[in-house]
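Reviewing the structure listed below.
Numbering (the working numbering), first residue to last: 183 to 290.
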């Protein structure tokens, strides 16, 4: 899925994970699919602070808000992304998985 998505989109991660999470991307061999990985511990701002979404847009070569999609399993993070102007999509893992969500929104 990451390979297919990265061929059509610039992908980024915004996470409040611990700094040790950074090596996980290398360990899983998935860093290559992402144009931006922002861990709140390294930028001193966290979800759902709107500043982290602006930072993500800027690191993705000034991505357009209206053309950006933010997917998260926490509603407060999705709402913050919407306030910035992104399309915010809530992923309720009990109802559907990410693959189905992407298909439902015609992103994959």
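Cβ atoms here follow ideal geometry from the backbone N, Cα and C, with glycine treated the same way. As the structure is a computational prediction, the values presented were derived from the model and not from experiment.
Taking residue 261 as the centre and dropping the five residues before and after it, the same chain places the C-beta of 230, 270 closer than 8 Å to its C-beta, in chain order. Beta-bridge partners of residue 253 (DSSP): 271. Inclusion of residue 183 and residue 281 in the CB contact set at 8 Å is warranted, their separation being smaller than that value. With fewer than 16 other Cβ atoms inside 10 Å of its own Cβ, residue 200 counts as exposed.
Closest in C-alpha terms to residue 241, from the list 226, 219, 228, 277, comes 219. Cβ neighbours of residue 284 within its own chain (closer than 6 Å, five residues either side excluded): 290. Membership of residue 195 in the beta strand (DSSP E) is indicated by the continuous run 194-197. Here the stretch 201-218 makes no contact with the stretch 246-256; the two share fewer than three CB pairs at distances below 8 Å. Judged by DSSP in its simplified three-state form, residue 184 adopts helix.
Note on geometry: alpha-carbon atoms of residue 186 and residue 215 lie some 9 Å from one another.
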